[in-house]
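Heads up: the structure comes next, in structure tokens.
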Amino acid sequence: MDATTLGIVVALTVPLAGTTLGSALAFFMKKQLSTKFQKALLGFAAGVMIAASVWSLLLPALEMAGEQGVIEWIPAAVGFLAGMGVLLLIDSLLPHLHLDSEKPEGMPSNLKNSTMLFLAIAIHNLPEGMAVGVVLAGFLSGEGLIALAGVVALAIGIAIQNIPEGAVISMPLVSNGVSKGRAFGLGFLSGVIEPIGVLLMLALTSLVMPLLPYVLAFAAGAMIYVVVEELIPETQSGEHSNVGTIGVAIGFVLMMVLDVVLG
225 MDATTLGIVV ALTVPLAGTT LGSALAFFMK KQLSTKFQKA LLGFAAGVMI AASVWSLLLP
285 ALEMAGEQGV IEWIPAAVGF LAGMGVLLLI DSLLPHLHLD SEKPEGMPSN LKNSTMLFLA
345 IAIHNLPEGM AVGVVLAGFL SGEGLIALAG VVALAIGIAI QNIPEGAVIS MPLVSNGVSK
405 GRAFGLGFLS GVIEPIGVLL MLALTSLVMP LLPYVLAFAA GAMIYVVVEE LIPETQSGEH
465 SNVGTIGVAI GFVLMMVLDV VLG
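Okay, here's the thing in structure tokens:
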């Protein structure tokens with residue numbers, strides 16, 4: 225298998241494999257997922273996404289802009305704010321994705337939260353797929369600014385943080401009476417949008433390679449929006465606990481080391 229084929233296969237399959245693995249934990253679940261464990265998983269996912277946004281997306285965007293002879297910070301700033309803005313627009317158009325929305329009559333609160341979390345993660349998995357796709361496009365461009373190792377590092381990092389995301393969807397569903405098979409299927413489906421995001425960015429960046437620094441920063445902005453809007457608030461909701469913060473620290477350091485070692 226040549227490097228090009230390997231990069232494409234890794235980008236399309238590895239992040240989805242992480243979601244699948246996390247969702248499969250529902251089959252081994254014997255009791256309700258504890259709140260602290262759920263917060264730790266979400267914090268870990270947030271830490272990985274923050275580090276990936278910096279090392280795998282923003283720093284390459286700055287480097288590419290410099291290579292193109294433009295002011296380095298402009299593409300990074302414009303793309304980042306655009307990514308944040310687009311996700312903000314999505315949340316404005318789809319307010320029902322917020323987990324703090326009013327409880328529908330007759331629906332158990334925990335089940336409602338699990339359903340909302342599934343929808344939120346499914347929608348917001350798109351920027352993660354976009355991030356992998358745009359890094360892959362940079363590698364496939366042949367300009368040497370992004371190595372195959374960078375694609376592999378980001379794909380593995382996203383896969384690692386997808387494990388807790390898949391678990392956070394499937395396991396609470398089981399605890400609320402959903403069958404293990406259906407809970408696994410819903411968790412898996414939430415991750416299918418990521419390969420779609422990869423293919424979307426490949427199609428777009430192949431036409432607008434000069435805009436690649438902007439697209440990298442756009443993906444970073446979208447990912448940070450997910451962290452700030454969805455993941456971190458969930459780690460701090462309810463009874464006070466530092467377990468989510470600890471999860472962020474561990475996830476951040478792990479992704480940082482992974483990217484530096486492989487990239």
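When we follow the numbering used here, the leftmost residue of the sequence shown carries the number 225, and every step to the right adds one. For each residue, glycine too, the CB sits at the ideal point set by N, CA and C. Bear in mind the structure is a predicted one, so any value in this text is a computation, not a measurement.
- In the DSSP annotation of this structure, the continuous segment of the alpha helix (DSSP H) that includes Glu458 starts and ends at 456 to 459.
- Within its own chain, the residues whose Cβ lies closer than 8 Å to the Cβ of Ala407, once the five positions on either side in sequence are excluded, are Ser247, Ala250, Ile393, Ser394, Met395, Leu397, Val398, listed in chain order.
- With contacts defined as CB atoms closer than 8 Å, Gly390 and Thr243 qualify as a contacting pair.
- For the options Pro437, Gly303, Leu478, the alpha carbon positioned closest to that of Ala270 is the one of Leu478.
- Annotation for Gln262: the continuous alpha helix (DSSP H) segment containing it runs 259 to 276.
- In terms of Cα proximity to Val358, the closest of Lys263, Leu428, Leu312 is Leu428.
- Annotation for Leu350: Ile417, Gly421 place their beta carbon closer than 6 Å to its own, counting only its chain and skipping 5 residues before and after.
- Between Ala264 and Gly411, the C-beta gap is not smaller than 8 Å, which leaves the two residues out of contact.
- Going by beta carbons, Val272 and Ile384 fall inside the 8 Å limit.
- The beta carbon of Met288 sits closer than 8 Å to the beta carbons of Pro299, Gly362, Leu369, Leu436, Pro437, Leu440 from its chain, once the five residues preceding and following it are set aside; these are given in chain order.
- In the displayed model, Asp226 falls within coil according to three-state DSSP, outside both helix and strand.
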